[in-house]
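Please read the structure below before turning to the comments.
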Amino acid sequence: MFPGFFEISIANGRLYGSPIDILNRGAPVALLAIGMTLVIATGGIDLSVGAVMAICGAMAAWGITEGYGLGLTLLMALAAGLACGLWNGLLVAVLGIQPIVATLILMVAGRGIAQLITEGAILTFNHEGLIFFGSGSLFTIPTPIIIAIVTGALVTLIVRRSALGMLIEAIGINLRASTLAGVNTRVLLIAVYMASGLCAALAGVIAAADIRGADANNAGLWLELDAILAVVIGGTSLLGGRFSLIASLIGALIIQAVNTGILLSGFPPEFNLIIKAGIILIILVLQSPTIRTMVIFLSPAPVSQADTEKQAVNQ
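Quick look at the structure:
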């Protein structure tokens, strides 16, 4: 359908091509999906990740334009993401506020905070060190792709090579039972939301570095929808429980492939939101208890070994 879509070339020490562009442009969504997967696995949701991206991108741009070193600037941006995650975690775990409401607070206020940091302007910069995180490359591979892969590998290693992943799933399946079993659910919930905030901070730094500036109004806009969609495409139920980070990353690539396909097809970009909303609706319907009950009811009953032997004897 798209001639040359899978062609990859090397120019100026960097890989180019539609597949590379999908991976590169999908890196921020992939990072958001990593944190969102952990949050959704606990039975929660984080609607603030797009706003946290704006805050952390603004912090990075502000720090570098104020003359702070690259290391300190990155540290401030990541610390801002952790602080946002801590705020969400405290509201959910300590005050017992519903996650969708708790994170909605920062979703609304976050862009205002970002605008306060940038004083209502688009902060631009030309610091090559910071720009490297958005448009640089390492061993011909774009930096955002490397950051997303390394982050995904580290988080997967942590949650699957320890009991942490099992505890997260236990909270999502039954929070009260996990608490009674001795799991420190409050600390774990706070840690999960802080991880989501940290992933959003990384995505925010990449977004700011890519455009060489901080746009508080548009940075990360609607990307929380893409992150949630990537997670549900990956098979994680919005009700919580079992999760797969690798599947969520694949879901993020599917979302970016849809975006790229729509643009290459000549359709207006506005179709993206409609198609994504339709995909979410279909997945939610398929995951609904009513549909599951219907599938179980309509499925043929399994044939036992005794019945099989009886039929063989009769024949």
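In this note's numbering, the protein residues as written are 11 to 325. Quick reminder that beta carbons are idealized off the backbone N, C-alpha and C, glycines included.
Which class does residue i belong to by DSSP, given the choice of helix, strand or coil?
| i | result |
| --- | --- |
| Ala224 | strand |
| Ser147 | strand |
| Thr189 | helix |
| Leu174 | helix |
| Leu25 | strand |
| Leu263 | helix |
| Thr153 | helix |
| Ser19 | strand |
| Thr369 | Examination of residue 369 is not possible in this model, given that the chain is present from 11 through 325 alone. |
| Ser206 | helix |
| Gln108 | coil |
| Ser275 | helix |
| Asn184 | coil |
| Asn194 | coil |
| Gly294 | In the sequence as presented, Gly is not what sits at residue 294; that position holds Leu. Residue state, collapsed to three classes: helix. |
| Ser258 | helix |
| Phe253 | coil |
| Ala237 | helix |
| Trp97 | helix |
| Gly77 | coil |
| Leu231 | coil |
| Ile55 | coil |
| Thr166 | helix |
| Leu248 | coil |
| Pro299 | helix |
| Glu129 | coil |
| Gly36 | coil |
| Glu280 | coil |
Quick one: using the 10 Å Cβ neighbour count with 16 as the cut-off for buried, is residue i buried or exposed?
| i | result |
| --- | --- |
| Met307 | Contrary to the premise, residue 307 reads as Phe rather than Met in this sequence. Exposed: under 16 other Cβ atoms inside 10 Å. |
| Phe135 | buried |
| Thr300 | exposed |
| Ala217 | buried |
| Met176 | exposed |
| Ile50 | buried |
| Gly244 | buried |
Less than 9 Å between the beta carbons of residue i and residue j, yes or no?
| i | j | result |
| --- | --- | --- |
| Val197 | Leu48 | no |
| Leu101 | Ile110 | no |
| Ser147 | Gly23 | yes |
| Gly60 | Gly122 | no |
| Leu233 | Lys286 | no |
| Gly271 | Val242 | no |
| Val202 | Thr52 | yes |
| Gly3 | Leu212 | A query on residue 3 cannot be resolved here, the shown segment of the chain reaching from 11 to 325 and no further. |
| Gln266 | Ile32 | yes |
| Ile20 | Pro29 | no |
| Leu25 | Ile157 | no |
| Ala87 | Ala124 | no |
| Ile290 | Leu235 | yes |
| Asp220 | Pro279 | no |
| Met117 | Ser58 | yes |
My guess is that residue i and residue j are in contact by the Cβ rule of under 8 Å, so how many angstroms apart are they, rounded?
| i | j | result |
| --- | --- | --- |
| Ile178 | Ala103 | Actually they do not touch by this definition, with Cβ atoms about 13 Å apart. |
| Thr113 | Ile55 | 7 Å |
| Leu263 | Gly36 | 5 Å |
| Cys66 | Val215 | 6 Å |
| Ile44 | Ser258 | 7 Å |
| Thr75 | Leu133 | 6 Å |
| Thr128 | Ala224 | 6 Å |
| Asn1 | Pro152 | Residue 1 lies beyond the stretch modelled for the chain, which goes from 11 to 325, so this question has no answer here. |
| Val62 | Ala237 | Contact doesn't hold; Cβ gap of about 11 Å is too wide. |
Worksheet item: Can we say the stretch 138-149 touches the stretch 65-83, given the rule of at least three CB pairs closer than 8 Å?
Response: Segment contact: the stretch 138-149 against the stretch 65-83, three or more CB-CB distances shorter than 8 Å; contact assigned.
Item to complete: Count the CB pairs spanning the stretch 83-103 and the stretch 191-211 that are closer than 8 Å, and state whether there are at least three.
Response: By the Cβ criterion, the stretch 83-103 is in contact with the stretch 191-211, since at least three pairs of Cβ atoms, one from each stretch, lie closer than 8 Å.
Worksheet item: Do the stretch 168-185 and the stretch 251-267 touch if we need at least three Cβ pairs shorter than 8 Å?
Response: yes
Discussion item. I want to know whether the stretch 161-177 touches the stretch 215-234 - three or more CB-CB distances under 8 Å.
Written reply: no
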